[in-house]
Each structure stands twice: as structure tokens, then as C-alpha cells.
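K.L.:
Here it is, the structure, as C-alpha cells.
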Amino acid sequence: MLLLRGNEALTGLATAPAAPSAAKAPAVPAAAPDPGRVVQIVAHPDDDLYFMNPELRHSLSAGTGHSITSVYLTSGEADGVNAGAAGRASARPDKRAYAEARQNGIRAAYAKMATGDRTSAWRRTSVPTRGGGRAEVDVLVARPEVHLVWLQLREAGTVHAEAPDSLRGLWDGKAPRLESVLASGSPVTEPYAYSRDDLVRTLAGILDRYRPTTVRIQDPTPGRTPATGRFTDHQDHFYGARFAQAALAAYAAEVKGRPHFAVQNYLGYSNGSLPGTLDPQTSADKLDIMDVYAWVDRENHCGSSAGCGDLKVADHPAGNNWTSTINHARGSGTSWLASDRQHGLWAFQVLDGQVALWHRAGPIGPWSGPHLLPGTGMDPGVSTVTLPDGRIAAFATRTTLGEQPSDYRREVVYAVQRAPGAREFGAWQSLGTPEASDADRTSDISAPAVSADGTGRLAAYVRDGGHTLRGREQRADGTWGPWEAHGGAGLLGTPVAAADAAGRRMVFAATAASVTAWAQPAPGAPLGPATPTGLPQTALPLTADAREGGVRLWLRKPGSGDVRTALATTTPDGTPAVRGLTDLGGLQGFGAVAAGGHVLAARSAGGHLGAELGEGRPWERSPLLFVGDPSAAVTGNGTTVNLAVMGLDARLYATSSPDTPKAYLTPWQPIGPSNTGQAQP
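Mapping of the sequence shown onto our numbering: residues 440 to 1120, in sequence order.
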């Protein structure tokens, strides 16, 4: 849910507040948001419950007609022992039965979320796949738009150690084929094995069958812990996500007449070491569903001798603090909506692996788009910056899959508008990456934080795989300098950047305990050293915006989701200083805060957009469920704030608010044609 708040606050709108007068009231009716079609691809049964909830629950709660399909790559059979710590020594291993128990737990959890009854019936069938095997497809009878797809491949059986018979081995070419481990009781009875290409074709076929508008996958590049060099996530999670990336690229290139789709990535195991993002009630609801999956009550409601859930999880259903948090791995920025000198708007989002552009000419002109800029492999999340001559530059990261495992790479790229106001942009130009190779850091760089200082020179900063800040800055002649190390330690998520009123660039990045800052002592000068801000622990991500002569930060309070704000300024010696931390309260939710003029907007509890239109006014909620984070831009010489979000239907939605004593939001409107493309029977 999106909430909006004005001045220093946030809210989300179910309806627009009453306009100050009939003359000012918007004439167009509010658009009912399209719920879209969601496909989730995860490695194991429970990855969706731990790492994609509560967004999964929000989708299921959207009501009848909201299509959601979850695809499980492996059976998650582990050692075949379905028992807690106390019973493992005497339990008999049975991998097929344990896989069935996990399936039973997932079906019960989804039934509970979708209908309120964990025993709600499912229809289970076996269907052929494009890879030559078969998949089990379960359809919730009471909500037939809810599907579970089980590919039932062998899991790695180890978090970090090499296991050739695994998704990792299949991706790296160490296993020519990966065999199935069929759950007992499954309608799929004949074993099969997939090559790497077989699995990509299978997933692309599933995407073609369901024609999603939003695809949720795990993080394909979680990186390594600097101290140990070990991956921060389960190998099945991120190699499964890479297979999903490859399938999405194939689906986008090969299937005609499909709808556009957006992608959202989710952090996995590393969530346990990050500040919690969820409020107590949302955490409790998430844990309640994990209790259902884990079969905590041990009641035989499913009638299966294999068990009705995952007793390994029953000892600690909260996991490693996973039920108290959710974090997007990419696409968490709020600077993707930009305004121009003619008060027009430009919106940039990633659809179908390409950057999509929408444009509104002038303050009241019609919108056009989406127009897909040439160039594939684009990762979720685009940042924009306006150049001194009025042109807009868009920055993102791009992933190259390649033919060989070693070809998998991520790099920072940017494209520049050919002329102010022109819809045409130049080709994507690469700034490369500060990481030496995928083997070293698994391409673990953040999305870029971008800003121009008072000289008009651009700079792009990323959090690297060593959890420090790295940056490339533009020289006076327009060329780019090399990647430079700016220090910091234990940096998390994506940094943010903005320039103060004097044109001095400031950069901020969260750590597990606080926020670290950097500042230029003067425009054009090198970035200064990493400096502690003294701010308390904050949930990811951050937002920065030039205000009040300095740079204002917006942060989420851990364990609450409420929004905090503080003002950063630069001392005479060039040192960043932060003061005036204020808790705005009243929101909850998670994700970045969009700030524009008198309006704040962000995801609220329940997943909808919330907005605040003035200090002291309550947060207002909209009916929109959306991908990524909202963005705001000011037009009309600072008199109008424009907001935009990407709906789960992969369609842009926009609204605006005039800066008046009784500010209001116009009804949300979808931009462009309906995102059609029917799911296959």
C-alpha cells in the first residue's frame, strides 16, 4: 500500500481528500488498479514464505481474480528427515516423504493466506514441460487463480560447499543433467533429468503459460562475507535466481503478444543480520503462516502419512529473524521520476529486461509510453539526474549472462538524452564495475547512487562486494576517471547521494548499526573521507533529497516501519554533520520513502501506497499494490508534486498534488494502454 504525507510526513490514499473547491477538484474518476498476474520463482519450499512475505500475502489478500503462481525449482528433500532436533536421531530418512511433507506445508500455508482455512482443497495434476519432464501443478479450488508449480529437482543438500548434483553444478557445467526427486504422493510418477538448457526452456514455458506482469525472484548476486569468503546466501537460492534470469531473457526475446513484465529481487539469508523492517503485527502474521507451514500443532489435517509440514522448521519457525523483515535486493530507489524545464515528466522503469520510458509533455499534456530503450539485461532500479543543459541521464546496472559461467557479469551503465525534451536517448555506455570478477564477488555491486555537483560534473557510487564505497567521477572534459575507493566498512544496501545548496555532493550508506556519510568540501573537489553520522540503527533503504540548504534524509525505524528524518549539512572544513532526527510516526510498512515538495510517499503496512500531504495530517492510503518504490518530482515552479508507482500489472500509475493550504491528491491514473496478454489455458 502506498501512503503519502506532506512536508515531513507520509500517507496512502483510498480516495483523494475533498478538494478545496469545486473548481479545483479533479474532473477525472479514480482508476481501479489492475491486480496484474504475479509469478514467483524460488529454489525451495519456504523461500517464498521467509523472503517474499508479506508481499506474497498482500497479493493473495487482494481478492478473487488476483492471479499468483509460485514455482519451486527443487524438492527441498535435504537429508530426508522430517523431524525437529529432538527426534532426528531416531527418525528414518525418506527424501520423497520429506519432500511431500514440505509440499503439504506449503499448500496449507497458501490456503490459510488465501481463504483463511488451511485445509481448503487443492486440485493436483501432472503437466508436461518444455524441458522434457513433467511438473506438478496444484490449483486452489476455492481460489483457482492461485497455482503452485513443482519442478522437483534435486537440491544441493549443503548451503555453501560444492555439490556437483545441484543447480550450481548445472549452471557451472559440472553436472550435465540434474535429476528429479519426486515427492511421494505426487501425480508426477516418472523421474526425469534436465540439462541447463532444459531447465531454462522449462521456466520460459511456465512464464509463457502464465504470462506474468510481475515476476518475483531471489537475489542472483548475494556476494560473500568479507571475513570468511563464504556466500551470504544458500547456493540454491542464487543459482536458481540465475536460471530465472536466463528464462526471463528467453521469454522476453521469444514470446510475442505477451504483456510487459517487471521483476523484483529479494534478499535471502542475509536478512537475518539486517535491522528488521516489519512492525510487530506484520511480523506476527508472517510467523503465523510459518507455523502453519512448519506443522507446529502436529494435527493431521492433511491426511498424509508423510506429515503435514516441515518439522525441521518447527523448532524455530521464525528462522534467523527472517519473519521480522523483508528486503528487496534491487530496485529500491526513488529517483526514477524526473521533471524538465518545461514542467514535463519523465519516468524510467525496467520492463522485459529493458529500460522503459514514459513522458508527459508540459504540466498538463498527455502521457506517452512505455517506450523501450534499446539494450537488454537491465537490472531493476533506475536512477536519474538532470544535467546543467537540461538533458536527463539515466543510470542502472546491467547483467550479462554469457555462454560460459565465467561470463556472468554486472556493470554500471548510463544513457543520456540526445537533447532537452527529446524522447531519444543515446546508447548505453558502460562505466564497468569495481569488482574484478564474478568468482571474487559474484557481481555483488549495488545499484548506482548518482548526482551532479555545483560544477555540473556527474558521479556514480556503488556499494561494492567488500561492503565499502566505490565511485567514478566525471572529469572537467566530460570523460570519467577510474573507480576510486572511498572507504567505509560494513555498508549495506544501496547508497544515496544529493548535492546541498552550495553544490557540494553528499553520499550516505547504511550499516548494521548506523549511517556513514561522505561530503565534498567544495564543488569539484574529491569526495571527503567516510564519517560517522551518529544516527541510530535504520532499516534499509535510505532516501536523500536536497532541502533547507543541506540534504535531508528519510529513514525507516527498525521493528516499526515508521519514517524518521534528519538534516545533513557540511561544516566549514567539509565534514558532514547530521542533526534533528525526528520520528514522523503513523505509517509502518517498509521500503524507500519518496520525497517531493510538500509530499512524502511510501509503502505502508498492508503493502499499499501511503502519502502525507502536510505536517500534522494523517497518512492517507491508496488501493495500489506496486513493484519497487514510489518516486516524486516537482513541477510548476515548485507548486505541484507528482507521484508515480509501477503497479503489479507492470503499468505506470501517476497522481499529483498542488501545494495549497488544503493540498490534495488527484485520483491515481494508469498511464498508457492496458497491459494485455492472456494467460494460457
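Where a beta carbon is used, it is the ideal one built from N, C-alpha and C, also for glycine. Please read these numbers as outputs of a predicted model, since none were measured by experiment.
What residue does the alpha helix (DSSP H) around Gln-542 start on, and which one ends it?
P.N.:
534-554 is the span of the alpha helix (DSSP H), which, as asked, contains Gln-542.
K.L.:
Where does Pro-468 sit, in a helix, a strand or coil, going by DSSP?
P.N.:
Below a pLDDT of 50, predicted positions are generally treated as unreliable, and Pro-468, at 42, falls in that range; the measurement from the model is reported next regardless. If DSSP states are grouped into helix, strand and coil, Pro-468 belongs with coil.
K.L.:
Distance, Cα to Cα, Asn-446 vs Val-478?
P.N.:
Note that Asn-446 scores 35 on pLDDT, short of 50, meaning its location in the model is unreliable; the coordinates nonetheless yield the value given after this. Near 37 Å, if we compare the C-alpha coordinates of Val-478 and Asn-446.
K.L.:
In the DSSP assignment, what residue or residues form a beta bridge with Trp-797?
P.N.:
According to DSSP, Trp-797 bridges with Ala-786.
K.L.:
How far does the beta strand (DSSP E) with Ser-1095 in it extend, from its first residue to its last?
P.N.:
1091-1097 is the extent of the beta strand (DSSP E) around Ser-1095.
K.L.:
Assuming Ala-547 and Cys-747 make a contact with CB atoms under 8 Å, what is their CB distance in whole Å?
P.N.:
Sure, about 6 Å apart at Cβ, within 8 Å.
K.L.:
Could you tell me which whole beta strand (DSSP E) segments of length 3 or greater appear in the stretch 654-729?
P.N.:
Runs found: 701-705.
K.L.:
Just to confirm, is the Cβ distance from Val-1021 to Pro-980 under 8 Å?
P.N.:
A quick correction: the sequence has Thr, not Val, at residue 1021. Cβ atoms of Thr-1021 and Pro-980: not closer than 8 Å.
K.L.:
Determine the direct distance from the alpha carbon of Val-946 to that of Ala-832, and round the result to whole angstroms.
P.N.:
Their backbone Cα atoms lie some 19 Å apart in a straight line.
K.L.:
Going by the DSSP bridge assignment, what does Arg-1145 pair with across the sheet?
P.N.:
An answer regarding residue 1145 cannot be provided, because it is not within the stretch 440 to 1120 covered by the chain.
K.L.:
Less than 8 Å between the beta carbons of Arg-593 and Val-627, yes or no?
P.N.:
No, these two residues do not count as a Cβ contact at 8 Å.
K.L.:
Counting Cβ pairs closer than 8 Å, one from the stretch 709-720 and one from the stretch 992-1005, do we hit at least three?
P.N.:
At 8 Å Cβ cutoff, the stretches touch.
K.L.:
Under a three-way DSSP split, which group does Tyr-633 fall into?
P.N.:
Correct three-state label for Tyr-633: strand.
K.L.:
Rounded to a whole number of angstroms, what is the C-alpha to C-alpha distance between Phe-1029 and Pro-630?
P.N.:
For Phe-1029 and Pro-630, the distance between alpha carbons rounds to 42 Å.
K.L.:
Given this structure, state the Cα-to-Cα distance separating Leu-609 from Leu-638, to the nearest angstrom.
P.N.:
So the alpha carbons of these two residues sit roughly 9 Å apart.
K.L.:
Please classify Ser-845 as buried or exposed, where buried requires at least 16 neighbouring CB atoms within 10 angstroms.
P.N.:
Exposed, by the Cβ-count rule.
K.L.:
With DSSP as the reference, please indicate the residues paired to His-586 in a beta bridge.
P.N.:
Paired residues: Thr-508, Val-578.
K.L.:
Between Arg-607 and Gly-904, which are expected to be in contact by the criterion C-beta below 8 Å, what is the C-beta distance as a whole number of angstroms?
P.N.:
Actually they do not touch by this definition, with Cβ atoms about 18 Å apart.
K.L.:
Could you say which of Ala-501, Gly-502, Ser-509, Arg-848 lies nearest to Met-491 if we only look at CA atoms?
P.N.:
Of the candidates Ala-501, Gly-502, Ser-509, Arg-848, the one whose C-alpha sits nearest the C-alpha of Met-491 is Ser-509.
K.L.:
Compute the beta-carbon to beta-carbon distance between Gly-927 and Leu-897, rounded to the nearest angstrom, for a pair I have assumed lies under 8 Å.
P.N.:
So it is not a contact: roughly 21 Å between Cβ atoms.
K.L.:
Please classify Glu-594: does DSSP put it in a helix, a strand, or coil?
P.N.:
Note: Glu-594 maps to coil in three-state DSSP.
K.L.:
Only counting the same chain, and skipping five residues up and downstream in sequence, which positions put a Cβ closer than 7 Å to that of Thr-1010?
P.N.:
Cβ neighbours of Thr-1010 beyond the five flanking positions: Ala-1016.
K.L.:
Output yes or no for whether 8 Å exceeds the beta carbon distance between Ala-581 and Ser-559.
P.N.:
Yes. Within cutoff.
K.L.:
Would you check if the stretch 771-790 and the stretch 563-583 touch, i.e. whether three or more CB-CB distances between them fall below 8 Å?
P.N.:
Contact between the stretch 563-583 and the stretch 771-790 is absent, because fewer than three Cβ pairs lie under 8 Å.
K.L.:
Residues in its own chain within less than 7 Å of Gly-929 by CB, not counting five upstream and five downstream?
P.N.:
Around Gly-929: His-906, Thr-950, Ala-951.
K.L.:
Measure how close the beta-carbons of Gly-792 and Leu-687 come, nearest whole angstrom, since I'm counting them as under 8 Å.
P.N.:
Yes, they are in contact, since the Cβ atoms of Gly-792 and Leu-687 sit about 7 Å apart, within 8 Å.
K.L.:
When we look at the beta-carbon of Asp-730 and count the other beta-carbons within 10 Å, is it buried (16 or more) or exposed?
P.N.:
Asp-730 comes out buried.
K.L.:
Go to Asp-1068, then tell me how far its beta strand (DSSP E) extends in each direction, as first and last residue.
P.N.:
1065-1074 is the span of the beta strand (DSSP E), which, as asked, contains Asp-1068.
K.L.:
If contacts are defined as beta-carbon pairs under 8 Å, then Met-397 and Val-851 qualify, I think. What distance do you get, rounded to the angstrom?
P.N.:
Here the chain has residues from 440 to 1120 only, and residue 397 is not among them.
K.L.:
Using only the alpha-carbon positions, how far apart do Ala-550 and Ser-763 sit?
P.N.:
Distance between the alpha carbons of Ala-550 and Ser-763: 22 Å.
K.L.:
Just verifying my parser: in three-state terms, what is the DSSP assignment at Val-566?
P.N.:
DSSP places Val-566 in strand when its eight states are reduced to three.
K.L.:
Kindly indicate which three-state DSSP category Leu-646 falls into: helix, strand or coil?
P.N.:
Helix, per DSSP.
K.L.:
Using only alpha-carbon positions, find the residue among Ala-936, Ser-869, Gln-959 that is nearest to Pro-921.
P.N.:
Checked all of Ala-936, Ser-869, Gln-959; the closest Cα to Pro-921 is Ser-869.
K.L.:
Rank Ser-565, Ser-743, Tyr-900 by C-alpha distance to the C-alpha of Phe-834 and give the top, closest one.
P.N.:
Answer by Cα proximity: Tyr-900.
K.L.:
How close, in whole Å, do the beta carbons of Val-1080 and Tyr-1092 come, if the pair is a contact with beta carbons under 8 Å?
P.N.:
That belief does not hold up - the Cβ atoms of Val-1080 and Tyr-1092 are roughly 15 Å apart, past 8 Å.
K.L.:
Please classify Ala-940: does DSSP put it in a helix, a strand, or coil?
P.N.:
In this structure, Ala-940 counts as coil in the three-state DSSP scheme.
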